[in-house]
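Input: a single structure, listed below in structure tokens.
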Amino acid sequence: MHRVLRARVKYYDYTYEFGGELEGLEGEVDDQLALQFQLPATQRTPEANSTHPTLKLDVQGGDQGRADKFLSDKMKLNIANPATGEQKTIDFDDERRYRVFYEKRIAQEVPGDSLGDEFKGYIFRITGGNDKQGFPMKQGVLLPYRVRLLLSDGHSCYRPRRTGERKRKSVRGCIVGPDIAVLSLVIVKQGDAPLPGLTENVLPKRLGPKRATKIRKFFNLGKEDDVRKFVVRREVKSKKNPDAKPYTKAPKIQRLVTPLRLQRRRHLRAIKRRRIESAKEQKAEFDELVAKRVAEKKQKIAAKASQKNCLSGPLRPPPEHEAYCLSHLYSLYDHIQRQGSFSKDVYDEKRSMNNVTSEPQTRVARDQAIREAVERKDWYSLRELSNRPGGFQGTRSVAWPFLLHVASASRGSSEKKEKEENSRDGQSSSTRVPHRDERQVGLDTNRAFVHYPVESQQHKEKRKKQLTELILGVLERRPQLSYFQGYHDILSTLQLTLHPSLDKDTEAWQLLQECAIKITLHRARDAMGAGLEPLTGQLRILRRLIRLADPDLAMLIEEASPLPYWAISPLMTLYTHDLPTLTLAQRVMDWMLARPPNAVIYLVAAFVLQKKEEIQKLVEDGDDGMMHSFLSSLPDLEADELPEPVDAQENDQSSSTHAPFNSDLLTLNSDVPSDVDSSRDDLTSSLVSVQPPSYTEKASQLPASSLDELQDSPNQPTGLNPPAPPSPASSLSSLPPELPNIDHQSGPTVPLSQILQAADRLRTRYPISYEKLRLKETLGPHSMLRTWSEDPDEIIGDDEAEEYVLATDQIVYPDLDDDVFEPYPPPQPVKLSKTRTLLARLPKIDMMAYAAFGLVAVAVVANSPTAREHTKRLAEVGSGFML
Numbered sequence: 025m026h027r028v029l030r031a032r033v034k035y036y037d038y039t040y041e042f043g044g045e046l047e048g049l050e051g052e053v054d055d056q057l058a059l060q061f062q063l064p065a066t067q068r069t070p071e072a073n074s075t076h077p078t079l080k081l082d083v084q085g086g087d088q089g090r091a092d093k094f095l096s097d098k099m100k101l102n103i104a105n106p107a108t109g110e111q112k113t114i115d116f117d118d119e120r121r122y123r124v125f126y127e128k129r130i131a132q133e134v135p136g137d138s139l140g141d142e143f144k145g146y147i148f149r150i151t152g153g154n155d156k157q158g159f160p161m162k163q164g165v166l167l168p169y170r171v172r173l174l175l176s177d178g179h180s181c182y183r184p185r186r187t188g189e190r191k192r193k194s195v196r197g198c199i200v201g202p203d204i205a206v207l208s209l210v211i212v213k214q215g216d217a218p219l220p221g222l223t224e225n226v227l228p229k230r231l232g233p234k235r236a237t238k239i240r241k242f243f244n245l246g247k248e249d250d251v252r253k254f255v256v257r258r259e260v261k262s263k264k265n266p267d268a269k270p271y272t273k274a275p276k277i278q279r280l281v282t283p284l285r286l287q288r289r290r291h292l293r294a295i296k297r298r299r300i301e302s303a304k305e306q307k308a309e310f311d312e313l314v315a316k317r318v319a320e321k322k323q324k325i326a327a328k329a330s331q332k333n334c335l336s337g338p339l340r341p342p343p344e345h346e347a348y349c350l351s352h353l354y355s356l357y358d359h360i361q362r363q364g365s366f367s368k369d370v371y372d373e374k375r376s377m378n379n380v381t382s383e384p385q386t387r388v389a390r391d392q393a394i395r396e397a398v399e400r401k402d403w404y405s406l407r408e409l410s411n412r413p414g415g416f417q418g419t420r421s422v423a424w425p426f427l428l429h430v431a432s433a434s435r436g437s438s439e440k441k442e443k444e445e446n447s448r449d450g451q452s453s454s455t456r457v458p459h460r461d462e463r464q465v466g467l468d469t470n471r472a473f474v475h476y477p478v479e480s481q482q483h484k485e486k487r488k489k490q491l492t493e494l495i496l497g498v499l500e501r502r503p504q505l506s507y508f509q510g511y512h513d514i515l516s517t518l519q520l521t522l523h524p525s526l527d528k529d530t531e532a533w534q535l536l537q538e539c540a541i542k543i544t545l546h547r548a549r550d551a552m553g554a555g556l557e558p559l560t561g562q563l564r565i566l567r568r569l570i571r572l573a574d575p576d577l578a579m580l581i582e583e584a585s586p587l588p589y590w591a592i593s594p595l596m597t598l599y600t601h602d603l604p605t606l607t608l609a610q611r612v613m614d615w616m617l618a619r620p621p622n623a624v625i626y627l628v629a630a631f632v633l634q635k636k637e638e639i640q641k642l643v644e645d646g647d648d649g650m651m652h653s654f655l656s657s658l659p660d661l662e663a664d665e666l667p668e669p670v671d672a673q674e675n676d677q678s679s680s681t682h683a684p685f686n687s688d689l690l691t692l693n694s695d696v697p698s699d700v701d702s703s704r705d706d707l708t709s710s711l712v713s714v715q716p717p718s719y720t721e722k723a724s725q726l727p728a729s730s731l732d733e734l735q736d737s738p739n740q741p742t743g744l745n746p747p748a749p750p751s752p753a754s755s756l757s758s759l760p761p762e763l764p765n766i767d768h769q770s771g772p773t774v775p776l777s778q779i780l781q782a783a784d785r786l787r788t789r790y791p792i793s794y795e796k797l798r799l800k801e802t803l804g805p806h807s808m809l810r811t812w813s814e815d816p817d818e819i820i821g822d823d824e825a826e827e828y829v830l831a832t833d834q835i836v837y838p839d840l841d842d843d844v845f846e847p848y849p850p851p852q853p854v855k856l857s858k859t860r861t862l863l864a865r866l867p868k869i870d871m872m873a874y875a876a877f878g879l880v881a882v883a884v885v886a887n888s889p890t891a892r893e894h895t896k897r898l899a900e901v902g903s904g905f906m907l
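Position one of the sequence shown corresponds to residue 25 (this note's numbering), numbered consecutively onward.
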């Protein structure tokens with residue numbers, strides 16, 4: 025009995041079919057099929073819930089002839105051993121043996137235990153390959169299928185024929201899949217058993233690499249190995265004297281770092297350092313000379329101006345009049361401080377300044393509420409206050425240590441810290457061992473404080489030194505942690521908030537160090553390991569969250585990037601690296617510290633949902649290549665302040681300008697002494713405030729299809745408080761200019777509180793314990809998302825948290841059974857009403873009517889039986905076509 029086998033494998037967008045005939049009895053054929061296509065239980069689920077390629081089999085019986093052989097997919101492994109110079113190609117028919125290479129990329133190392141018993145202990149590195157059509161794999165193309173790329177000189181998989189030539193070529197992505205026919209491997213570590221044809225013989229190599237780095241790469245050497253012992257030598261025999269002793273030749277090693285080279289490098293660096301110091305000294309002398317000459321020139325100009333004023337007569341009031349104006353102005357300020365408003369005999373009713381004292385009262389009330397919540401240890405109240413306009417404002421030095429569980433620990437360990445600092449200071453600089461990441465820390469802190477704060481370069485240099493000391497202190501106290509780029513942005517936000525002074529305050533500095541330790545171990549721990557693999561678990565949870573919130577938007581995003589790698593920066597740095605101002609960074613930090621560490625995932629999703637309309641327009645315009653940069657950018661944000669009081673809103677129009685007060689009372693002589701001038705500036709900045717339009721007058725636009733859909737979730741805020749205007753302007757010259765019109769490409773200005781409240785609505789609807797987010801199947805028990813707690817007694821200790829960094833397999837689980845192949849939710853079918861169905865069939869009814877009229881006319885004209893028979897058949901064919 026013969027059986028015909030038909031199999032179809034669907035992988036991503038490609039479908040592979042193969043087939044053949046099997047001979048034997050019915051029971052034997054079934055056993056062969058079970059052996060050939062035995063799948064695990066997770067792959068035998070229905071197609072709608074399957075997360076793996078679909079395998080469909082169709083077995084037909086009958087005597088249909090015998091096939092030459094059974095056609096099945098194979099993979100060839102081209103294995104090379106650089107140590108011996110041998111190379112061998114091995115064919116594998118069983119897909120289960122080489123399945124371990126699926127979803128791996130070029131340059132990844134894979135253990136070879138699953139290939140067979142003879143490969144146990146071997147570790148291979150993937151170096152390339154090609155698919156069944158012969159297209160080579162290209163490094164850097166993170167796709168499991170072929171794409172067409174525009175290649176030029178310098179790119180792999182392309183050789184230009186002319187200078188400057190570019191050509192679009194088809195290349196295979198670097199992710200291994202079942203369509204790969206040949207896979208190139210290199211033995212990185214040899215196992216216990218030797219492999220015939222790979223480890224038995226050592227093939228002599230006549231010529232070898234000359235460059236030191238290439239020699240290390242060729243022999244898999246480390247930096248501690250001596251390259252000169254591994255250079256390839258060849259034996260040379262003398263042609264003139266055959267009896268002479270043969271000698272060896274070896275190339276001169278290029279770019280070899282020797283002690284002489286290091287001495288020359290130190291000498292050149294010393295020369296360069298001396299030149300820089302000499303240039304600085306000369307620049308200082310030159311600046312001093314220029315300043316001296318400029319001062320002399322100013323004195324000459326002032327002398328000429330005073331002489332000219334004496335000749336033309338006094339144009340300004342005498343000094344006694346100026347003193348009278350100043351005393352009158354100070355008395356007016358005292359009157360405002362006592363009564364809170366201008367009286368009618370001093371100032372006009374239309375220009376009352378009641379709102380001057382209302383705003384500080386609102387801020388004071390907010391600060392008092394935050395302090396009371398910290399004393400009561402009321403996390404719920406702090407969460408509610410953190411997403412409101414203004415955030416924690418001036419009480420961050422009280423709220424942040426409490427939220428980081430530092431309030432009680434800092435007092436108890438103060439003596440211990442002083443002892444550690446004293447012992448650290450007692451060590452000389454020569455005996456101190458530099459940290460392994462100290463150079464990278466110095467490079468990053470040198471680029472810090474670019475946008476804020478706005479101060480002189482000398483002050484910024486002091487802050488950079490403090491930041492470097494803070495980071496190295498954390499890494500030295502916790503040596504298991506590894507530094508990552510962007511970590512300095514987190515600690516710089518803490519530094520500018522908890523220790524804003526340039527001079528080191530002992531108490532504030534100790535509090536800052538403890539907060540840095542806590543935020544590192546309990547909110548940035550997953551990124552402090554040897555690699556960034558733990559962050560992939562958070563990326564997978566973010567992908568599921570976007571799928572749940574908006575499946576259509578998730579489909580558009582995943583077409584450009586299957587895994588949201590564009591979200592790595594905010595997940596690592598808690599948005600401190602991406603926000604342009606310190607106020608925005610502090611507001612976001614207020615919101616995140618009052619919530620568990622998983623809150624940053626919801627904040628990233630809220631920012632993405634806010635961009636839905638722009639993403640759709642980007643796809644419609646065909647700019648899919650800009651998707652990564654667009655998703656990683658932020659909209660124009662405003663750090664909205666506290667809401668205006670009711671009486672201030674009623675008198676908004678009356679208090680919008682103070683020009684008469686400015687012109688009548690503050691026009692003084694410019695030659696006032698310095699102490700009077702400084703007091704006048706302080707008084708001016710405290711008296712006058714220019715009120716810009718409130719946020720309620722602007723159209724704060726958020727996509728209705730994304731963020732407004734979350735408003736029907738339970739336990740969500742009923743509305744948004746109207747945010748207050750920015751801080752008052754201290755200039756008395758003119759009102760601030762109006763905001764320019766913002767086009768569609770730049771996007772509207774969005775208050776930050778709206779994004780934070782939208783993220784809270786996402787947390788309410790889809791909490792981290794939601795079943796479809798699959799937290800426990802993705803992240804292990806050592807992840808910071810599973811070890812954090814509001815109760816300081818339940819959270820793990822600092823020493824235990826430091827040890828958790830080492831066990832990467834307990835932080836994130838591998839992506840073997842993830843939802844990469846999970847289909848999107850099916851679209852809801854649209855049910856048409858009877859009326860719409862009838863309207864849709866009207867064109868067909870009209871065509872049928874025209875055909876019927878034509879047939880009747882033919883029947884009337886034709887009286888013969890033959891014509892009637894043809895007319896009847898034509899009518900049947902036409903009716904069937906119309907229906």
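Glycine included, every Cβ here is placed at the ideal spot set by N, Cα and C.
Practice item. Could you have a look at Gly-466 and say whether DSSP puts it in helix, strand or coil? Key: If DSSP states are grouped into helix, strand and coil, Gly-466 belongs with the helices.
Practice item. Please confirm if the stretch 225–244 is in contact with the stretch 122–140, defined as three or more CB-CB distances below 8 Å between the two stretches. Key: Between the stretch 225–244 and the stretch 122–140, the count of C-beta pairs closer than 8 Å stays below three; the two stretches do not touch.
Practice item. Report the residue ranges of all beta strand (DSSP E) runs contained in full by the stretch 230–308; include only those spanning at least 3 residues, in chain order. Key: 258–260 and 271–273
Review point. From this set, Leu-518, Leu-496 and Lys-488, which residue's C-alpha is nearest Asp-461's C-alpha?
Key: Considering only alpha carbons, the answer is Leu-496.
**Study point:** Under the three-state DSSP convention, the category Lys-213 falls into
**Key:** Shown here, Lys-213 sits in a strand according to DSSP, grouped into three states.
Exercise for review: Quick one: measure Cβ to Cβ for Glu-110 and Leu-245, integer angstroms, because I've assumed they're closer than 8 Å.
Suggested key: At roughly 19 Å, the Cβ-Cβ gap does not stay under 8 Å, so Glu-110 and Leu-245 are not in contact.
**Study point:** Reference Leu-595, options Ala-629, Leu-606, Pro-575 and Gln-634, closest by Cα
**Key:** Ala-629
Check your understanding: From Lys-144, Leu-139 and Ala-104, pick the residue whose C-alpha is nearest to that of Gly-153; which is it?
Key -> Ala-104
Practice item. List the DSSP bridge partners of Glu-662. Key: Pro-775
Practice item. Mark Met-579 as exposed unless 16 or more other C-beta atoms lie within 10 angstroms of its C-beta, in which case mark it buried. Key: exposed
Check your understanding: Shortest alpha-carbon distance to Thr-521 belongs to which of Arg-196, Tyr-476 and Asp-574?
Key -> Tyr-476
Check your understanding: Terminal residues of the continuous beta strand (DSSP E) containing Pro-135?
Key -> Segment 133–135, the beta strand (DSSP E) holding Pro-135.
Practice item. Return helix, strand or coil for Gly-337, following the three-state DSSP convention. Key: The predicted model places Gly-337 with a pLDDT of 48, which falls under 50 and marks its position as unreliable, so this point remains unresolved.
Check your understanding: For Pro-135, which residues from the same chain have a beta carbon less than 6 Å from its beta carbon, with the 5 sequence-adjacent residues on both sides left out?
Key -> Ile-147
Point to revise | beta strand (DSSP E) segment containing Glu-814, residue limits | key: Where Glu-814 is concerned, there is no enclosing beta strand (DSSP E), given that its DSSP letter is neither H nor E.
**Study point:** Burial state of Leu-563, where buried means 16 or more other Cβ atoms lie within 10 Å
**Key:** Its Cβ being crowded by 16 or more others within 10 Å, Leu-563 is buried.
Check your understanding: Cα-Cα, which of Leu-499, Asn-411 and Glu-801 is closest to Leu-608?
Key -> Asn-411
Review point. Which whole-angstrom value describes the C-beta separation of Leu-207 and Met-99, a residue pair presumed to lie in contact below a C-beta threshold of 8 Å?
Key: 6 Å
Practice item. Inspect the beta-carbon positions of Arg-183 and Met-161 and report whether they are closer than 7 Å. Key: no
Exercise for review: Specify the secondary structure class of Met-99 as computed by DSSP and reduced to three states.
Suggested key: strand
Review point. Leaving out the 5 sequence neighbours to the left and right, which residues in its chain are closer than 7 Å to Cys-539 when beta-carbon positions are compared?
Key: Cβ neighbours of Cys-539 beyond the five flanking positions: Trp-424, Pro-425, Leu-428, Val-430, Leu-518 and Leu-522.
Check your understanding: Starting from Phe-10 and walking both ways along the beta strand (DSSP E), at which residues does that stretch end?
Key -> The question about residue 10 has no answer here: the residues shown for the chain are numbered 25 through 907.
Review point. Using the C-alpha atoms, what's the distance from Gln-157 back to Glu-259?
Key: 44 Å
Check your understanding: Out of Phe-508, Ser-506, Leu-406 and Gly-466, which has the shortest C-alpha to C-alpha gap to Glu-493?
Key -> Ranked by Cα distance from Glu-493, the first of Phe-508, Ser-506, Leu-406 and Gly-466 is Gly-466.
Point to revise | Which listed residue (Arg-149, Arg-257 and Asp-155) has its alpha carbon closest to that of Ile-931 | key: One cannot answer for residue 931 here, as it falls past the ends of the chain, which runs 25 to 907.
**Study point:** Own chain, CB closer than 7 Å to Glu-919, minus 5 neighbours either side, in chain order
**Key:** Lying outside 25 to 907, the shown extent of the chain, residue 919 is not represented and no answer is given.
Point to revise | CA-to-CA distance, Ala-315 to Lys-322, given in whole angstroms | key: 10 Å
Check your understanding: For the alpha helix (DSSP H) that Lys-128 lies in, which residues bound it at each end?
Key -> Here Lys-128 belongs to no alpha helix (DSSP H), and DSSP marks it neither H nor E.
Practice item. Report yes if the C-beta distance between Asp-660 and His-601 is below 7 Å; otherwise report no. Key: no
Point to revise | Under the three-state DSSP convention, the category Gly-152 falls into | key: Strand, per DSSP.
Practice item. Would you be able to state if there are at least three C-beta pairs under 8 Å between the stretch 544–555 and the stretch 776–792? Key: Counting Cβ pairs under 8 Å, fewer than three are found: no touch.
Exercise for review: Could you say which of Arg-487, Thr-151 and Gly-201 lies nearest to Arg-170 if we only look at CA atoms?
Suggested key: Closest by alpha carbon: Gly-201.
Check your understanding: Helix or strand or just coil, what does DSSP make of Met-161?
Key -> strand
Exercise for review: Would you mind giving the Cβ-Cβ distance between Asp-137 and Lys-144, rounded to the nearest angstrom? I have them listed as a contact below 8 Å.
Suggested key: 5 Å
Exercise for review: Determine, using beta carbons only, whether Gly-804 and Ile-835 come nearer to each other than 7 Å.
Suggested key: yes
Review point. At which residues does the beta strand (DSSP E) containing Val-829 begin and terminate?
Key: Element bounds for Val-829: n/a, residue is neither H nor E.
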